[in-house]
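Taking mature numbering (1 follows the signal peptide of the UniProt record, and there is no 0), I'd label the letters of the sequence shown as residues -20 to -1, 1 to 255. Don't be surprised by glycine CBs; every beta carbon is placed ideally from N, CA and C.
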Amino acid sequence: MRCIRLLLLAVVLVSGVGHATEPEPMPPHVTFLLSSKALREQRRINVYTPPGYATTKGVRYPVLYMPDGGEQEDFPHVATAVDTAIRAGEMRPVIVVGIENTERRRDMTGPTQVEKDKEIAPRVGGSAAFRTFLRDELMPHVRRKYRVTDETAILGESLAGLFIVETFFLQPGMFGTSIALSPSLWWNNDEWVRKAGERLKAKPDLKGTLYFASAGDDIEEQATRLAEAFRANAPTGLKWKYEPRPDLRHANIYRSLEAKVLREAFAPASTKAVP
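As structure tokens, then:
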């Protein structure tokens, strides 16, 4: 088990965000800086608006938020997948809001008692402050500046997936749909796997949608246990799905599944489905 944990840490360190050596093509978007009191820094935000946004003045749109949302991170391929699906009529138009990283491993992780976890970065355990930034600063700013509905979703992979799972349990009403690809469920000795059952039992009125997936070289054992907790304890109003993908790897699961899960999460009204 220790060897597996060290291997997963190495994967997070070298491939967690998906940086490209050359700029990736991406659809037109706008970029702005937002000062954060919660984080005590400025954050760079990239926003994609769907085709027709500028001309259909009375129309409002759902919002997809994404950590790792810088132009040199995952924003280009996610925005491209969304734009392609919308233009093909396979997905409802949505706004994509990407948050560029400053200290990724600080923002995406909660506290941990495991010394090996703490070695992945000089500072970890800052997820509460990052969640405050999203909830109290970024999301209100987006609501003021863009024509949005109350429908929100969040998408992320690896440590960002961990943040999404943690947020689902700690702030269950914050996002209507949560999509966690290969989430780092091993953090703090599998904390959110261990606590899932009691958290679900404590919220019998919990609603929303959660999708999570594992690759063949990462958290399949933890994800299987998490799925068992949902099967035993999920409230009837909660829609959830676990998809094991042993054919994929931690390094390619994001790009392999993003188009599929986003098409399902934002399916056109006539074919709307749960991921």
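| Item | Value |
| --- | --- |
| Hey, is the region 213 to 221 in contact with the region 26 to 46, meaning 3+ C-beta pairs nearer than 8 Å? | no |
| When the distance is taken between beta carbons, is Leu135 closer than 8 Å to Met46? | yes |
| With which residues is Tyr234 paired in a DSSP beta bridge? | Tyr234 is not bridged to any residue. |
| Determine the closest residue to Lys37 out of Ala61, Thr64, Val128, Glu70, with distance taken between C-alpha atoms. | Val128 |
| Considering Cα atoms alone, identify which of Pro56, Gln202, Gly156 is closest to Glu2. | Pro56 |
| Taking just the CA atoms, how far does Asn213 sit from Lys181? | 6 Å |
| For Gly78, which residues does DSSP report across the bridge? | Asn26, Met46 |
| Report the three-state DSSP secondary structure of Ser15 (helix, strand or coil). | strand |
| Whole angstroms is fine: what's the gap from Glu83's alpha carbon to Glu146's? | 18 Å |
| Tell me the DSSP secondary structure of Trp167 in three-state form. | helix |
| Under 7 Å Cβ to Cβ from Thr92, same chain only, skipping five residues before and after it: list those, please. | Lys98, Val104, Gly105, Trp167, Asn168 |
| Give the range of the beta strand (DSSP E) segment to which Ile199 is assigned. | Unbroken run through Ile199: none, as it is neither H nor E. |
| Beta-carbon separation of Ser250 and Phe113 under 8 Å? | no |
| Between the Cα of Ala61 and the Cα atoms of Thr216, Glu95, Gly90, Pro5, which residue gives the shortest distance? | Pro5 |
| Taking just the CA atoms, how far does Asp197 sit from Glu137? | 14 Å |
| Should Leu102 and Asp63 be called a contact, given that it needs their Cβ atoms to be closer than 8 Å? | According to the sequence shown, residue 102 is Pro rather than Leu. Cβ distance not < 8 Å, so Pro102 and Asp63 don't count as in contact. |
| Whose C-beta lies closer than 7 Å to the C-beta of Arg111 among residues of the same chain, with five residues either side of it excluded? | Thr147, Gln151 |
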